[in-house]
Amino acid sequence: MANTAADMTKTEIARQTGHPLLKRILYYKYFYLLLIPAIIYYIIFAYYPMYGSILAFKDFNYAKGILHSPWAGMKYFDKIFNDTMFLKSFANTLIISLGRIAFEFPVPILLAVLINEVARTRLKRFLQTVYTFPHFLSWIVVSGIISNILSDAGILNQVITVLGGQKVNLLTDPKIFRGLLYLTDNWKEAGWGTIIYLAAIAGISPDLYEAAEIDGAKRFQLMRHITWPAIRSVTGILLILTIGSIMNGGFDQILNMYNPIVYNVSDIIDTYIYRRTFVTGMDFSSSTAIGLFKSVINVILLYTSNFIVRKINNEGIF
Amino acid sequence: MVNAKRTKRKRIELFDIINVLFLCMLAFISIFPFYYVLIISVAKFEDVSKQLIYLFPTSIDLSAYKVVLSGDNILSAFMVSLFVTAAGAAFNMLLTIMAAYGLSKKGMPGRNALLTFVVFTMFFNAGLIPYYLTVKGIGLINSIFVMIIPLGINTFYLIIMKNFFTALPHSLEESAKIDGANDIYILYKIIIPTSAPIIATITLFYSVDRWNEWWHAMLFITDKEKFPLQMVLREILFDFSQTLGNSMGASIRASRINIYPRSIQMAIVVVTAVPILLVYPFLQKHFTKGIMLGSIKE
Amino acid sequence: MKKAEKASAIVMVFIFTIAMMAGCGTGKGEPAGTSTAASTEASNAAPAGEQPKDHYDISIALWDIEKSFPKDQQDKVAETLSQKLNITIKPVNITWDDYTQKIQVWAASQQLPDVFAIDARKTQSYKTWVSQGLIRAVPDDLSKYPDLKDLLDMSAVQAYKDPDGKYYCIPRPAYQSPENYSIEFGIKVRKDWMESVGIAKDPENTDEFIALLKAFIEKDPGGNGSNNTVGITAWSSYWFVSEIGFSLMPEINTQWIKEDGKWIPGEFSKNILPGLKELKKIWDSGVIDRDMATLKGTEGEDKFFTGKAGMLAHNTYLTPQEDEKWRKSYPDKKYSDCVKILLPWKAPDGNNYRFEGDPIWSESYFPTSVDDKKMDRILMLYDYMLSPEGMELYHYGIEGVDYKKEGDNITVTRPKDANGVPAKINTIV
Numbered sequence: 050m051a052n053t054a055a056d057m058t059k060t061e062i063a064r065q066t067g068h069p070l071l072k073r074i075l076y077y078k079y080f081y082l083l084l085i086p087a088i089i090y091y092i093i094f095a096y097y098p099m100y101g102s103i104l105a106f107k108d109f110n111y112a113k114g115i116l117h118s119p120w121a122g123m124k125y126f127d128k129i130f131n132d133t134m135f136l137k138s139f140a141n142t143l144i145i146s147l148g149r150i151a152f153e154f155p156v157p158i159l160l161a162v163l164i165n166e167v168a169r170t171r172l173k174r175f176l177q178t179v180y181t182f183p184h185f186l187s188w189i190v191v192s193g194i195i196s197n198i199l200s201d202a203g204i205l206n207q208v209i210t211v212l213g214g215q216k217v218n219l220l221t222d223p224k225i226f227r228g229l230l231y232l233t234d235n236w237k238e239a240g241w242g243t244i245i246y247l248a249a250i251a252g253i254s255p256d257l258y259e260a261a262e263i264d265g266a267k268r269f270q271l272m273r274h275i276t277w278p279a280i281r282s283v284t285g286i287l288l289i290l291t292i293g294s295i296m297n298g299g300f301d302q303i304l305n306m307y308n309p310i311v312y313n314v315s316d317i318i319d320t321y322i323y324r325r326t327f328v329t330g331m332d333f334s335s336s337t338a339i340g341l342f343k344s345v346i347n348v349i350l351l352y353t354s355n356f357i358v359r360k361i362n363n364e365g366i367f
Numbered sequence: 016m017v018n019a020k021r022t023k024r025k026r027i028e029l030f031d032i033i034n035v036l037f038l039c040m041l042a043f044i045s046i047f048p049f050y051y052v053l054i055i056s057v058a059k060f061e062d063v064s065k066q067l068i069y070l071f072p073t074s075i076d077l078s079a080y081k082v083v084l085s086g087d088n089i090l091s092a093f094m095v096s097l098f099v100t101a102a103g104a105a106f107n108m109l110l111t112i113m114a115a116y117g118l119s120k121k122g123m124p125g126r127n128a129l130l131t132f133v134v135f136t137m138f139f140n141a142g143l144i145p146y147y148l149t150v151k152g153i154g155l156i157n158s159i160f161v162m163i164i165p166l167g168i169n170t171f172y173l174i175i176m177k178n179f180f181t182a183l184p185h186s187l188e189e190s191a192k193i194d195g196a197n198d199i200y201i202l203y204k205i206i207i208p209t210s211a212p213i214i215a216t217i218t219l220f221y222s223v224d225r226w227n228e229w230w231h232a233m234l235f236i237t238d239k240e241k242f243p244l245q246m247v248l249r250e251i252l253f254d255f256s257q258t259l260g261n262s263m264g265a266s267i268r269a270s271r272i273n274i275y276p277r278s279i280q281m282a283i284v285v286v287t288a289v290p291i292l293l294v295y296p297f298l299q300k301h302f303t304k305g306i307m308l309g310s311i312k313e
Numbered sequence: 020m021k022k023a024e025k026a027s028a029i030v031m032v033f034i035f036t037i038a039m040m041a042g043c044g045t046g047k048g049e050p051a052g053t054s055t056a057a058s059t060e061a062s063n064a065a066p067a068g069e070q071p072k073d074h075y076d077i078s079i080a081l082w083d084i085e086k087s088f089p090k091d092q093q094d095k096v097a098e099t100l101s102q103k104l105n106i107t108i109k110p111v112n113i114t115w116d117d118y119t120q121k122i123q124v125w126a127a128s129q130q131l132p133d134v135f136a137i138d139a140r141k142t143q144s145y146k147t148w149v150s151q152g153l154i155r156a157v158p159d160d161l162s163k164y165p166d167l168k169d170l171l172d173m174s175a176v177q178a179y180k181d182p183d184g185k186y187y188c189i190p191r192p193a194y195q196s197p198e199n200y201s202i203e204f205g206i207k208v209r210k211d212w213m214e215s216v217g218i219a220k221d222p223e224n225t226d227e228f229i230a231l232l233k234a235f236i237e238k239d240p241g242g243n244g245s246n247n248t249v250g251i252t253a254w255s256s257y258w259f260v261s262e263i264g265f266s267l268m269p270e271i272n273t274q275w276i277k278e279d280g281k282w283i284p285g286e287f288s289k290n291i292l293p294g295l296k297e298l299k300k301i302w303d304s305g306v307i308d309r310d311m312a313t314l315k316g317t318e319g320e321d322k323f324f325t326g327k328a329g330m331l332a333h334n335t336y337l338t339p340q341e342d343e344k345w346r347k348s349y350p351d352k353k354y355s356d357c358v359k360i361l362l363p364w365k366a367p368d369g370n371n372y373r374f375e376g377d378p379i380w381s382e383s384y385f386p387t388s389v390d391d392k393k394m395d396r397i398l399m400l401y402d403y404m405l406s407p408e409g410m411e412l413y414h415y416g417i418e419g420v421d422y423k424k425e426g427d428n429i430t431v432t433r434p435k436d437a438n439g440v441p442a443k444i445n446t447i448v
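First to last, the protein sequences are chains X, R and U.
Heads up: the first sequence runs through residues 50 to 367, numbered per my numbering.
Heads up: the second sequence runs through residues 16 to 313, numbered per my numbering.
Heads up: the third sequence runs through residues 20 to 448, numbered per my numbering.
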């Protein structure tokens with residue numbers, strides 16, 4: 050039943066492609082009009098500054114500015130790729146981001162589905178509101194609370210010693226630190242993440258549930274055949290966007306939670322740059338080179354994941 | 016969020032009980048950080064340090080709030096944040112709704128190119144200096160609007176909204192078009208009202224983002240009357256031990272920085288978070304009001 | 020005599036501090052008396068009472084400087100400066116959080132203020148700025164600015180000259196000599212606890228050190244329960260390792276050391292290894308705070324001042340905040356009765372080491388956009404702030420309003436609080 054714009058395309062486009070290009074453009078004239086402010090915005094604030102990327106290939110000279118500084122070829126890329134700490138941070142970035150996709154990405158979805166199963170409206174609203182609270186606190190504050198709980202003098206250890214056990218030092222244990230990152234990030238952000246999924250679920254017509262129930266569908270079948278398809282497309286889009294930002298890794302959280310003992314498992318590219326900037330003052334060309342490297346990888350990941358998701362879901366971002 | 020008719024099912028299964036218990040436990044965990052922040056903000060230093068685990072307030076001391084609320088920056092910072100959030104979110108939504116609808120028609124020539132144009136910006140970051148120079152060139156240095164204009168569109172949100180628009184039933188527009196309406200009228204009178212849940216959602220996202228903004232302020236604003244609340248918060252919460260601990264100047268730097276007692280730090284966290292928390296439930300009402308008529312792809 | 024007076028006047032010089040600056044000097048209580056004897060030099064470029072010609076606006080970037088220039092309040096001290104020197108100070112705010120980034124960005128976008136402070140002398144940025152002509156040198160002839168000249172002639176400051184012999188910055192010393200700076204580093208210990216556990220003398224080797232701390236934990240003179248008592252904690256691990264390093268591995272506090280004909284960073288010295296083994300022994304014995312690596316803000320300090328730790332590796336003095344914490348935790352015990360500084364025991368080579376470090380931290384820089392005439396006025400400002408008159412302004416405020424001066428005696432006339440301590444200058448409008 051072709052009743053959405055998405056489905057419409059197959060028939061409409063078939064109709065339209067018969068028309069000459071100019072006529073199609075005229076047909077959509079208002080849409081182009083609507084896009085003008087956004088395009089201007091992107092050109093000014095996103096595309097124009099991109100000329101700065103060439104700094105990665107230049108020796109920056111303050112007096113000459115970015116455009117007229119002398120060329121340096123691949124010098125800065127050689128520098129960073131020979132920097133073992135950078136390479137380590139690169140590896141950590143990949144590992145942690147993949148970990149987040151595995152252990153954090155599905156959580157808001159599951160949570161949204163579970164919330165949706167709650168019958169009482171007021172409880173549902175209450176839960177959904179309350180779950181978003183931790184999102185409003187910054188990582189500076191949340192990591193302080195986590196520290197109060199997990200530190201040697203913290204609440205957890207107090208409880209453990211009262212029960213007769215041995216103290217644990219979770220914050221400084223490289224073996225579990227990444228897991229701690231995933232857990233605490235879920236604590237802070239999963240609730241917020243449910244919003245978009247619940248918004249998608251809100252669009253499901255109740256009649257569908259009714260009809261299915263009358264036909265004898267059980268709860269889990271309802272979830273699979275009605276709830277899930279509604280959020281499938283949002284999930285696909287968010288997955289693409291998440292994969293496309295793998296190189297970011299969660300700077301804010303890690304910066305506030307990590308400590309020197311766990312650097313080797315949690316230092317990501319951004320935290321590495323941050324430390325270098327503060328202590329030795331990393332030069333502009335190096336940081337631009339790293340930024341460029343990150344961007345290129347992000348773009349590759351973006352296109353790849355878009356391609357894959359489109360194959361599965363029949364739609365991607367583009 | 017509400018499927019009102021579902022409450023028709025009267026049988027409560029075991030699943031429901033476990034589900035609700037589990038979810039309530041999660042609710043407790045979610046409230047806990049705020050609870051903790053709150054009790055520390057009204058706690059006396061001696062009380063907190065005497066007890067090994069400070070979970071229940073032994074006395075309420077509001078002096079931290081007196082200090083915070085009488086600080087000379089707080090009122091102006093609050094007004095700045097308020098303005099930036101309201102004007103910023105409005106600006107964001109204007110740009111985003113227009114662009115999202117503009118990109119929502121699959122038949123439109125050049126759409127893929129435009130989409131690429133838009134999405135590419137999410138992943139390509141050219142660095143601090145050129146961005147700074149661009150903003151400077153526009154004349155936004157030290158202006159409140161630097162927290163609004165350069166942040167005009169969040170591409171992530173744009174894509175989400177675009178997808179929602181694309182999924183709307185074609186019938187909505189078709190009937191209006193037959194009556195002679197043009198696309199802009201359709202957007203304004205039909206699309207937007209029907210998309211209430213997504214509009215409310217994205218408005219919320221943008222509002223929270225604008226309320227939390229500090230980075231642009233830090234980089235571009237030097238007049239302290241134009242600082243948003245989050246800047247004031249960061250100044251108070253900034254933990255320098257990360258950057259100081261390993262340098263020879265540690266002791267000197269440490270003596271220069273004012274280290275605020277925990278109660279004041281927590282008080283300012285509360286003051287910064289409460290306004291946005293008050294707004295949120297109001298927006299939530301609109302989530303539930305929306306009657307979206309999208310149907311589901313099989 | 021003159022030199023020493025001058026030297027003491029330079030203590031804690033914040034060149035541009037107008038008295039209202041938050042967080043300054045209060046750490047040391049009321050500042051030690053400035054030399055009040057009228058210095059015999061006539062000095063100062065402008066004759067007393069006469070304003071130099073030509074008004075200059077000077078933009079200054081200093082941490083939290085905006086706090087000192089509230090827009091709606093008239094600051095008498097700033098006014099005095101403005102009048103005396105015919106300048107208007109334009110504050111440009113930087114914060115501890117962002118100053119490196121801000122200055123880098125301003126440098127790259129031709130937006131540097133006339134004066135800015137940053138700790139860049141030992142970084143690559145400094146070299147680049149000099150070689151690319153971004154910052155200008157201080158003129159060689161400083162006869163017009165005698166007090167400034169004295170500062171720049173101090174031996175610790177001379178090290179900050181560029182190899183070509185010029186000063187491309189004005190260093191901001193916090194102490195007039197490394198000796199004064201070194202006093203700051205020391206481990207505080209609860210001597211009342213030491214008495215309680217029956218150990219009278221300070222440890223003279225690692226084993227005694229461990230034994231003392233173990234006694235603190237096991238015998239629990241603090242009454243917290245052994246599980247909640249920490250032997251030694253610190254402001255951060257940096258402090259702990261530095262201070263224990265005096266006894267275990269002094270090389271760790273040396274920036275560069277020459278070994279086998281090569282200059283290497285102190286941490287790579289071959290003498291460090293035995294010290295590290297000793298340190299490991301101490302860690303394994305469990306007397307070091309297990310949270311050492313994750314201590315944030317004042318957590319370590321809090322542990323000590325609330326009686327949960329027996330030793331604190333930090334500085335030797337007591338800040339007002341620490342004093343307050345002590346009073347709240349022990350309202351009936353005097354701090355000086357309970358706490359003393361632990362003397363480091365002899366290092367493996369038989370010597371007693373103390374901290375030695377650069378007493379200078381951060382410098383003031385001037386971009387090349389500042390021409391010679393403006394530079395002259397800026398240097399006059401520095402010179403004035405360093406002169407006896409300027410120092411009086413800094414320490415005591417406005418004569419006649421905040422204090423009275425009769426001959427050599429200064430009487431502070433600001434309102435006093437309950438303890439007889441005059442109100443801090445920075446709370447008075």
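We put the CB at the ideal spot given by N, CA and C, even for glycine.
- Minimum Cα-Cα distance from X/N131 among the listed residues X/R359, X/K360, X/I357 and X/I339 corresponds to X/I339.
- Counting only the Cα atoms, U/G264 lies some 11 Å from U/K365.
- Scanning R/I156, R/L53, R/F220 and R/V133 for the CA closest to the CA of R/A79 turns up R/L53.
- Residue contact check for R/A42 against chain X: a CB pair falls below 8 Å.
- For the pair of segments examined, the segment 182-196 of chain U was found not to touch the segment 308-317 of chain U: the number of CB pairs separated by less than 8 Å stays below three.
- In the DSSP assignment, U/Y384 falls within the beta strand (DSSP E) that extends over I379 to Y384.
- In this structure, X/N362 places its C-beta atom within 8 Å of the C-beta atom of X/S282.
- The beta-bridge partner set that DSSP reports for U/N428 consists of U/E425.
- Along the length of the segment 282-313 of chain X, whole alpha helix (DSSP H) runs at least 4 residues long occupy 300-306, reported in chain order.
- With fewer than three CB-CB distances shorter than 8 Å, the segment 94-106 of chain R does not count as touching the segment 191-209 of chain R.
- At a Cβ-Cβ threshold of 8 Å, R/F30 and X/R268 count as neighbours.
- Taking 8 Å as the cut-off, the beta carbon of R/E240 is found closer than this to the beta carbon of R/S91.
- In chain order, Y186 place their CB closer than 6 Å to the CB of U/K180, counting only its own chain and leaving out the 5 sequence neighbours on each side.
- Rounded to whole angstroms, U/E411 and U/L167 show a C-alpha spacing of 16 Å.
- At least 8 Å separates the beta-carbon of X/L351 from that of R/L118.
- Under a 10 Å Cβ-count criterion, R/E228 is classified as buried, with 16 or more other Cβ atoms of the shown protein chains found around its own Cβ.
- Chain order gives the chain X residues near U/A312 as T221, N308, P309 and I310, where near means a beta carbon separation below 7 Å.
- The beta-bridge partner set that DSSP reports for U/S78 consists of U/K109.
- When the beta-carbon positions are compared, U/P240 and U/V216 come within less than 8 Å of each other.
- Closer than 7 Å at the C-beta level to chain U, one finds these residues of the segment 87-115 of chain X: N110, Y111 and A112.
- Proximity of chain R to X/G298 at the Cβ level (cut-off 8 Å) is not reached, the minimal Cβ distance being about 14 Å.
- When the alpha-carbon of U/I397 is set against those of U/E262, U/I106 and U/S255, the nearest one is in U/I106.
- Annotation: Cβ neighbours of X/P183 in chain R (cutoff 7 Å, chain order): S45 and P48.
- At a Cβ-Cβ threshold of 8 Å, R/T149 and R/T170 do not count as neighbours.
- X/A151 is outside the set of residues whose beta carbon lies under 8 Å from a beta carbon in chain U.
- Within its own chain, the residues whose Cβ lies closer than 6 Å to the Cβ of X/A161, once the five positions on either side in sequence are excluded, are T243, Y246 and L247, listed in chain order.
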